[in-house]
Every structure is written in structure tokens, then in C-alpha cells.
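What follows is a single structure, written as C-alpha cells, with notes after it.
Numbering (this note's numbering), first residue to last: 451 to 613.
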């Protein structure tokens with residue numbers, strides 16, 4: 451019987467930028483969204499580790515394999531609850547390291563962080579076709595909200611939005 455390798459979770463550090471970009475690329479490939487990919491270590495650095503960071507990341511490491519997963523998140527705010535929230539932008543674990551509890555550990559760690567910070571919510575989105583992820587999230591107790599849709603303005607439309 452094989453044993454899953456031990457892993458550790460920790461806050462991402464500047465030395466992780468190249469690994470984070472590699473994993474973000476793997477996530478984009480999985481979601482078939484590589485055509486939208488603009489991330490580089492140089493572009494990501496100020497947003498995670500600059501003078502005014504707007505996001506945070508946690509990484510999962512496996513001895514001998516390095517960084518194999520990540521969660522990138524930021525603080526949002528609920529006007530109804532009048533409290534901050536934690537929003538998970540991306541969670542990804544390399545396929546070879548799935549099934550050994552890394553994704554669950556990342557979610558639980560972020561949930562604990564949300565509680566520690568006094569957040570009223572811990573939220574994220576999931577693609578409607580990603581049934582394995584939906585089942586995983588529901589098994590952990592998350593509710594997939596059927597009545598909500600994401601609205602997005604980006605690119606040229608965003609540039610024209612201010613006119």
C-alpha cells in the first residue's frame with residue numbers, strides 16, 4: 451500500500467513567484483483559458499509582495515516535489531453583514547498530487563484565516579462544468595449558489611466603461 455507524501459502549507463513568499471506562475475499556467479490550461487493568461491513573476495510580484503499588496507497566496511509543498519498547489523485570495527466586504535470577507539480567487543493542486551488532502555487542507559486553512567480575521571464569509575466561484583470541483587466543495591459543506599451569476603467588465607469594455 452502506498453502512502454501519500456506529507457505536505458506542508460505556508461504563506462507564499464517572493465521566492466515562490468516562479469512556482470505560482472507555473473501553477474497559474476497549469477490552472478489556465480485545465481480551465482482551457484490559456485488565451486487569457488498574462489501573468490508573469492514580474493507582474494504578480496507587486497500585487498502579492500509590493501508596497502500595497504491586494505492579494506495573498508498560500509502554497510502547498512511536498513518534500514522532493516516542491517510547490518504542488520496554491521490558493522490565491524483577497525479581502526472583500528459584505529455591506530449586508532458589515533464585515534470583511536475572504537474571497538478565494540484560485541485554488542489549484544497539480545493532478546499528480548490530488549487526492550491526498552492538499553486541496554481540503556488549503557480550504558480549511560483559509561476558512562480558519564477567515565474566522566481569525568473576523569470575516570463574515572468565505573466565498574469563491576466554480577465553473578459550472580467542473581463537476582469534480584463542485585462535488586468536492588459540496589462535500590466540504592459549501593453551498594453552490596444557483597441564483598447568482600458573475601458580472602464582469604474587462605479589456606476594452608472596461609476602458610470604455612468610464613466614458
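The C-beta atom is built at its ideal place from N, Cα and C for all residues, glycine as well. The structure displayed is predicted, hence computed values, not measured ones.
* To do: Just mark residue 578 as buried or exposed, buried being the case when its beta carbon has 16 or more other beta carbons within 10 Å.
  => To locate residue 578, count along the chain shown from 1; it is residue 128. Result: exposed.
* Buried/exposed call for residue 517, threshold 16 Cβ in 10 Å -> Counting from 1 along the chain shown, the entry for residue 517 is found at position 67. Per the 10 Å Cβ criterion, buried.
* To do: Measure how close the beta-carbons of residue 523 and residue 511 come, nearest whole angstrom, since I'm counting them as under 8 Å.
  => By one-based count along the chain shown, residue 523 stands at place 73. By one-based count along the chain shown, residue 511 stands at place 61. 18 Å between Cβ atoms; not a contact.
* Excluding sequence positions up to five away, which residues of its chain have a Cβ less than 7 Å from the Cβ of residue 466? -> Taking the first residue of the chain shown as position 1, residue 466 is located at position 16. Only 509, 517 meet the Cβ criterion.
* Host beta strand (DSSP E) of residue 597 (start-end) -> Within the chain shown, numbered from 1, the residue matching residue 597 stands at position 147. First-last for residue 597: undefined, no H or E at that position.
* 3 or more residues per run - each beta strand (DSSP E) lying fully within the segment 480 to 522 -> Fully enclosed beta strand (DSSP E) runs of 3 or longer: 506 to 512.
* Asked: What's the gap between the Cα of residue 514 and the Cα of residue 612?
  -> As a first step, residue 514 must be located in the chain shown, where it is residue number 64. As a first step, residue 612 must be located in the chain shown, where it is residue number 162. Going by the C-alpha atoms only, they are around 49 Å apart.
* Whose CA, out of 571, 580, 474, lies closest to the CA of residue 533? -> The residue given as residue 533 occupies position 83 in the chain shown. Minimum Cα distance to residue 533 is reached at 571.
* Rounded straight-line distance, which links the Cα of residue 608 to that of residue 551 -> Position 101 of the chain shown, counted from the start, is the residue given in the question as residue 551. Position 158 of the chain shown, counted from the start, is the residue given in the question as residue 608. Their backbone Cα atoms lie some 39 Å apart in a straight line.
* For the alpha helix (DSSP H) that contains residue 607, what are its first and last residues? -> In the chain shown, residue 607 corresponds to position 157, counting from 1. Annotation for residue 607: the continuous alpha helix (DSSP H) segment containing it runs 605 to 611.
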